[in-house]
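Asks:
2 protein chains.
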Amino acid sequence: MKKGNMLIAQSGGPSMVINQSLAGAVLKARELRQVGKIYGALHGIQGILDEDFIDLRKETRATIEKVATTPSSALGSVRRKPTTEDCAAIFQVLRKLEVVYFFYIGGNDSAETVHIINEEAIKAQYDIHCFHIPKTIDNDLRANDHTPGYGSAAKFVASAIQGDDLDNRALGGVKIDVIMGRNAGFLTAAAALAKNDEDDGPHLIYLPERPFSITRFVKDVKSVMKLYGRCVIAVSEGIADRRGVPIIAKYTREVDSHGNVQLSGTGALGDLLAGTLKGKAGIGRVRADTFGYLQRSFPGIVSESDASEARAVGANAVTAAVVDGLSSGSIAIKRKPTKKYAVKFVPVALHDVARETRHMPDEFINREGNHVTDAFISYARPLVGPLTPCARFSQLRK
Amino acid sequence: MKKGNMLIAQSGGPSMVINQSLAGAVLKARELRQVGKIYGALHGIQGILDEDFIDLRKETRATIEKVATTPSSALGSVRRKPTTEDCAAIFQVLRKLEVVYFFYIGGNDSAETVHIINEEAIKAQYDIHCFHIPKTIDNDLRANDHTPGYGSAAKFVASAIQGDDLDNRALGGVKIDVIMGRNAGFLTAAAALAKNDEDDGPHLIYLPERPFSITRFVKDVKSVMKLYGRCVIAVSEGIADRRGVPIIAKYTREVDSHGNVQLSGTGALGDLLAGTLKGKAGIGRVRADTFGYLQRSFPGIVSESDASEARAVGANAVTAAVVDGLSSGSIAIKRKPTKKYAVKFVPVALHDVARETRHMPDEFINREGNHVTDAFISYARPLVGPLTPCARFSQLRK
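So this is what it looks like as structure tokens:
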């Protein structure tokens with residue numbers, strides 16, 4: 001129950017609910033007399049290095065609540081992995097500001113950043129509490145049942161596929177939708193939540209967890225076309241061949257500072273797959289859309305459970321560090337084994353969530369590797385909540 | 001006040017509210033004792049040629065209301081321009097069914113279809129009432145202040161840009177968003193509705209109404225980057241060079257049955273523009289998203305005025321044909337010159353809306369040809385209605 005100042009920042013890709021976590025942490029901290037000043041660093045650790053802060057005690061509760069329901073990272077974000085020299089510079093700034101509580105909201109790269117800072121702080125004998133607050137639409141943090149940001153992005157994807165499947169019913173042909181998710185297929189798999197009737201799309205789902213073969217893809221599409229006269233496909237941007245080379249990596253060379261190939265913000269993969277179907281499969285009408293950044297930032301498309309859980313992980317991280325006095329960690333979401341959906345929030349070690357990613361378990365993927373199982377649907381449905389109701393004429397339902 | 005059967009169908013690209021027009025027409029017809037059977041032809045005129053119908057008296061009011069709020073064309077759609085032979089075959093089917101009221105919901109190509117059928121019916125001395133019911137997210141029908149479908153698609157675009165601009169604030173760089181609209185820039189222009197603060201995006205808007213120059217584009221982006229350190233760009237899929245050649249047409253050759261080049265369902269234009277900025281302008285982080293079919297089919301993103309007007313044009317077309325006995329026409333939306341937004345529905349001749357498209361008037365486009373004017377904002381705001389509120393910290397607003 002140490003007294004001192006606090007600093008919080010956001011890192012990595014934005015989400016629909018990352019500001020809920022920020023609001024949860026800040027509002028909880030404002031309740032605790034151990035916490036002095038509350039600095040918000042702009043653009044993650046870059047803002048610490050540049051001494052670029054705002055005072056989060058100055059914002060009204062009303063403003064914080066409005067920011068909480070706003071997409072994207074309100075403090076700005078960054079993709080930067082700190083070096084040993086960065087850490088020394090960061091500690092110089094933090095010591096000057098008398099910061100003893102450090103919170104960093106982000107995905108596995110961000111957890112790695114907190115892990116590095118924590119290890120370096122121990123070496124430097126700087127007594128600072130370092131906490132990671134989870135966020136990732138990819139849902140790929142280890143030690144978590146699921147992660148804040150996933151449910152809302154999954155709601156966007158399922159809604160988009162629901163509408164797009166109706167669009168495809170109207171005009172026919174093949175529609176390919178490319179969905180985010182570098183290494184984990186959870187977000188792409190959420191497309192399956194759009195399916196109600198037997199002949200509804202998505203008819204095929206391709207995930208990074210299974211090797212992607214063009215030959216097999218063409219065969220799958222032809223057999224769906226034969227069955228329904230149309231085909232809606234959800235495909236992960238991260239699909240890779242048998243040797244693990246991303247399909248899109250064969251056509252692009254751009255990498256970010258964590259060494260990752262650029263997959264989002266380009267329509268190349270969709271166009272490549274559409275071109276293949278037009279060529280090899282001889283299908284006339286083939287269209288491809290890449291959902292892109294809308295999946296993480298479309299205002300108002302929010303899962304209620306996702307929003308409240310995102311709020312809770314922020315508050316729980318502050319409680320763990322300030323009230324319980326834990327020196328470092330992350331807050332994981334664990335599902336209770338109850339019939340009605342319920343979760344608990346558990347502090348876990350940084351090295352349990354940092355860097356490596358979690359993948360879709362085998363029981364969530366069908367044997368053919370081109371769709372999901374009922375087990376996945378049961379897992380994902382409560383995270384997303386109800387979709388906008390859509391209806392068809394009774395005479396047209398099979 | 002002739003007694004007889006009615007046939008209705010949908011054609012062209014789906015929209016969020018095309019089923020409202022269907023519901024409006026069918027529910028109005030069910031009130032009128034002059035109307036006998038109500039056939040819904042599947043996939044437009046293709047369903048007439050194939051004698052593929054459903055009975056729209058069989059569906060409950062509750063189902064029709066649920067279908068009304070569902071995106072896409074519930075009866076299926078088609079892109080087919082009827083030949084003289086098609087018309088003869090169509091009349092053979094319609095005479096057999098004793099259809100004297102024909103309604104076709106769609107855009108300018110669909111209005112052309114109704115125009116052709118009406119002219120051929122006159123030649124064939126077939127006494128049938130032929131009505132077009134307007135629908136197009138492009139907002140490019142002549143004789144209309146605006147068209148059903150536009151307000152909801154514009155709401156999707158404005159919302160998407162609002163979220164995407166916040167996303168770009170977080171991570172910086174250049175973001176290009178490619179928006180639908182073959183010849184008319186109305187939908188792309190709606191991106192401007194996302195802008196509240198002076199430094200909000202979209203910072204640049206490129207429309208098909210002004211020749212697109214790569215040199216000018218690079219110069220514009222560089223100057224926005226200098227001003228704000230980031231840049232969000234809304235660009236129409238239909239931008240063309242000084243000679244009128246679509247920029248994307250230089251890279252694709254696919255055409256539909258009305259002779260139009262494929263612009264949607266591909267990320268090629270966005271990738272081309274992003275590649276240009278990375279190369280010629282030397283900008284590091286450049287991303288491009290193509291909003292694609294989500295603009296016309298995302299469930300739940302609906303403008304209230306759009307939904308109610310779409311319902312009303314359907315009902316008004318039935319009244320014009322059945323009650324007022326007009327032999328052919330379309331229903332146009334005219335804005336009343338009142339301070340508070342209000343419209344009236346006016347029957348107009350088919351040749352006044354068929355085929356040719358309406359463009360953004362000069363007073364809606366800024367002098368530089370890279371953004372819209374306040375006059376456009378005043379025009380579009382009531383068609384779209386309020387967006388999801390978004391907020392930023394007070395200390396970060398300029």
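Residue numbers (the working numbering), protein chains in the order written: chain H, 1 to 398; chain L, 1 to 398. Quick reminder that beta carbons are idealized off the backbone N, C-alpha and C, glycines included.
For L/F212, which residues of its own chain have a beta-carbon under 7 Å away from its beta-carbon, when the five flanking residues on both sides are left out?
Replies: Position 212 of the second sequence, counting from 1, holds the residue named residue 212 of chain L. Closer than 7 Å at the Cβ level, and outside the excluded window around L/F212, lie Y206, I239, A240, D241 and I247.
Asks: Under 7 Å from any heavy atom of the ligand ATP, does the C-beta of H/E65 make it?
Replies: With respect to small molecules bound, the structure shown includes none, and the ligand ATP cannot be examined in it.
Asks: What does L/C87 reach in chain H if we use C-beta pairs closer than 7 Å?
Replies: As a working mapping, residue 87 of chain L is identified with position 87 in the second sequence. Under the 7 Å cutoff, chain H gives no residues; its nearest Cβ is about 23 Å from L/C87.
Asks: Using 8 Å for Cβ pairs, my map puts L/G181 next to L/P208. What's the rounded Cβ distance?
Replies: By 1-based counting over the second sequence, the position of residue 181 of chain L is 181. By 1-based counting over the second sequence, the position of residue 208 of chain L is 208. Contact between L/G181 and L/P208 holds, since their C-beta atoms are separated by about 7 Å, short of 8 Å.
Asks: In chain order, what are the residue ranges of uninterrupted beta strand (DSSP E) at least 3 long that sit wholly in the segment 216–255 of chain L?
Replies: Listed in chain order, the complete beta strand (DSSP E) runs (minimum 3 residues) inside the segment 216–255 of chain L are 230–236.
Asks: Any residues in the segment 62–74 of chain L with a beta carbon nearer than 7 Å to a beta carbon of chain H? Which ones, in chain order?
Replies: Within the segment 62–74 of chain L, the residues whose Cβ lies closer than 7 Å to some Cβ of chain H are T63, K66, V67, T70, P71, S72, S73 and A74, listed in chain order.
Asks: Within this structure, are the beta carbons of H/I54 and H/V26 separated by less than 8 Å?
Replies: For this step, residue 54 of chain H is matched to residue 54 along the first sequence. For this step, residue 26 of chain H is matched to residue 26 along the first sequence. Cβ distance not < 8 Å, so H/I54 and H/V26 don't count as in contact.
Asks: Could you tell me whether the Cβ atoms of L/V157 and L/Q295 are closer together than 8 Å?
Replies: Position 157 of the second sequence holds residue 157 of chain L. Position 295 of the second sequence holds residue 295 of chain L. Taking 8 Å as the Cβ cut-off, L/V157 and L/Q295 qualify as a contacting pair.
Asks: On the three-pair Cβ rule with 8 Å, is the segment 163–178 of chain L touching the segment 281–299 of chain H?
Replies: yes
Asks: Near L/S152, what residues of its chain come up, given a Cβ to Cβ distance below 6 Å and the 5 sequence neighbours on each side ignored?
Replies: Taking the second sequence and counting its residues from 1, the one referred to as residue 152 of chain L is at position 152. M16, V17, V302, S303 and D306.
Asks: May I ask you to report which of helix, strand or coil DSSP gives H/R335?
Replies: Position 335 of the first sequence holds residue 335 of chain H. H/R335 sits in a strand when the DSSP states are folded into three classes.
Asks: Do you know offhand how far L/G107's Cα is from L/A354's?
Replies: Here residue 107 of chain L refers to the residue found at position 107 of the second sequence. Here residue 354 of chain L refers to the residue found at position 354 of the second sequence. Those two C-alpha atoms are separated by around 8 Å.
Asks: Residues of chain H with CB closer than 7 Å to the CB of L/F393, please, in chain order.
Replies: For the purposes of this step, residue 393 of chain L is taken as the residue at position 393 of the second sequence. Those are I54, E59, T63, V67 and A74, listed as they occur along chain H.
Asks: Just to confirm the assignment, what range does the alpha helix (DSSP H) spanning H/R95 have?
Replies: In the first sequence, the residue the question calls residue 95 of chain H occupies position 95. Unbroken alpha helix (DSSP H) run through H/R95: T84 to K96.
Asks: Could you please give the first and the last residue of the uninterrupted beta strand (DSSP E) stretch that includes H/F103?
Replies: What you label residue 103 of chain H is simply residue 103 of the first sequence in a count that begins at 1. Start and end: V99 to G106.
Asks: Using the rule of at least 16 other Cβ atoms within 10 Å of the residue's Cβ for burial, across every protein chain shown, is H/Q92 buried or exposed?
Replies: Here residue 92 of chain H corresponds to residue number 92 of the first sequence, with the count starting at 1. Under this definition H/Q92 is an exposed residue.
Asks: So for L/G314, helix, strand or coil by DSSP?
Replies: Here the question's residue 314 of chain L lines up with position 314 in the second sequence. Note: L/G314 maps to helix in three-state DSSP.
Asks: Using the Cβ count rule (16 or more neighbours within 10 Å means buried), how would you classify L/G13?
Replies: Working through the second sequence from its first residue, we reach residue 13 of chain L at position 13. L/G13 should be labelled buried.
Asks: Quick check: the segment 371–387 of chain H against the segment 183–199 of chain H, are there 3 or more CB pairs under 8 Å?
Replies: yes
Asks: Helix, strand or coil, according to DSSP, for H/G185 in the structure here?
Replies: Position 185 of the first sequence, counting from 1, holds the residue named residue 185 of chain H. Three-state DSSP puts H/G185 in coil, outside helix and strand.
Asks: Which residues in chain L sit within 9 Å of H/P299, going by Cβ to Cβ distance?
Replies: Here residue 299 of chain H refers to the residue found at position 299 when the first sequence is read from its first residue. Under the 9 Å cutoff, chain L gives S159, A160, Q162, G163, L166, L387, T388, P389 and C390.
Asks: Mind checking if L/D289 is an interface residue toward chain H, Cβ cutoff 8 Å exclusive?
Replies: Sequence index remark: in the second sequence, residue 289 of chain L carries index 289 (1-based). Under the Cβ distance rule, L/D289 counts among the residues neighbouring chain H, one pair being separated by less than 8 Å.
Asks: Is it buried or exposed, H/P134, if we count other Cβ atoms within 10 angstroms and call 16 or more buried?
Replies: Translated into positions along the first sequence, residue 134 of chain H becomes position 134. Classification for H/P134: buried.
Asks: Closest by CA to H/L22, which one among H/L75, H/Q34, H/D271 and H/K81?
Replies: Stepping through the first sequence from its first residue, residue 22 of chain H is reached at position 22. Answer by Cα proximity: H/L75.
Asks: Where do the N-terminal and C-terminal ends of the alpha helix (DSSP H) with H/A41 fall, by residue?
Replies: Residue numbering aside, residue 41 of chain H sits at position 41 when the first sequence is read from its first letter. That residue, H/A41, is in no alpha helix (DSSP H); its beta strand (DSSP E) goes V35 to A41.
Asks: Once DSSP output is grouped into helix, strand and coil, what is the label at L/I8?
Replies: Stepping through the second sequence from its first residue, residue 8 of chain L is reached at position 8. Strand at L/I8.
Asks: Can you give the Cα-Cα distance for L/T136 and L/D109, rounded to whole angstroms?
Replies: Indexing the second sequence from 1 puts residue 136 of chain L at position 136. Indexing the second sequence from 1 puts residue 109 of chain L at position 109. Each residue's CA atom was taken as its position, placing L/T136 and L/D109 some 10 Å apart.
Asks: Suppose you measure from the CA of L/I333 to the CA of L/C130; what does that come to, to the nearest Å?
Replies: Along the second sequence, one-based indexing puts residue 333 of chain L at 333. Along the second sequence, one-based indexing puts residue 130 of chain L at 130. Going by the C-alpha atoms only, they are around 18 Å apart.
Asks: If I follow the unbroken beta strand (DSSP E) through H/P134, where does it start and stop?
Replies: Within the first sequence, numbered from 1, the residue matching residue 134 of chain H stands at position 134. H129 to P134 is the extent of the beta strand (DSSP E) around H/P134.
Asks: Quick one, which residues of the segment 7–18 of chain L are near chain H if we go by CB-CB under 7 Å, in chain order?
Replies: P14
Asks: H/S327 by DSSP, collapsed to three states: which one?
Replies: The count along the first sequence starts at 1 and reaches residue 327 of chain H at position 327. Under the three-state reduction of DSSP output, H/S327 falls in the coil class, being neither helix nor strand.
Asks: Let's see if you can read the secondary structure: which residues bound the beta strand (DSSP E) around L/P347?
Replies: In the second sequence, residue 347 of chain L corresponds to position 347, counting from 1. From DSSP, the beta strand (DSSP E) with L/P347 extends over V343 to V348.
Asks: Considering Cα atoms alone, identify which of H/A89, H/G149, H/T147 and H/F217 is closest to H/A121.
Replies: By one-based count along the first sequence, residue 121 of chain H stands at place 121. The shortest C-alpha separation from H/A121 is found at H/A89.
Asks: L/I54 bridges to which residues according to DSSP?
Replies: For the purposes of this step, residue 54 of chain L is taken as residue 54 along the second sequence, with counting starting at 1. L/G40.
Asks: Buried or exposed: H/T338, going by 16 or more other Cβ atoms within 10 Å of its Cβ?
Replies: Your numbering for residue 338 of chain H matches position 338 in the first sequence. By the neighbour-count rule (16 or more Cβ atoms within 10 Å), H/T338 is not buried but exposed.
Asks: Would a check of beta-carbon distances place H/L396 closer than 8 Å to chain L?
Replies: The residue labelled residue 396 of chain H in the question sits at position 396 within the first sequence. H/L396 counts as touching chain L.
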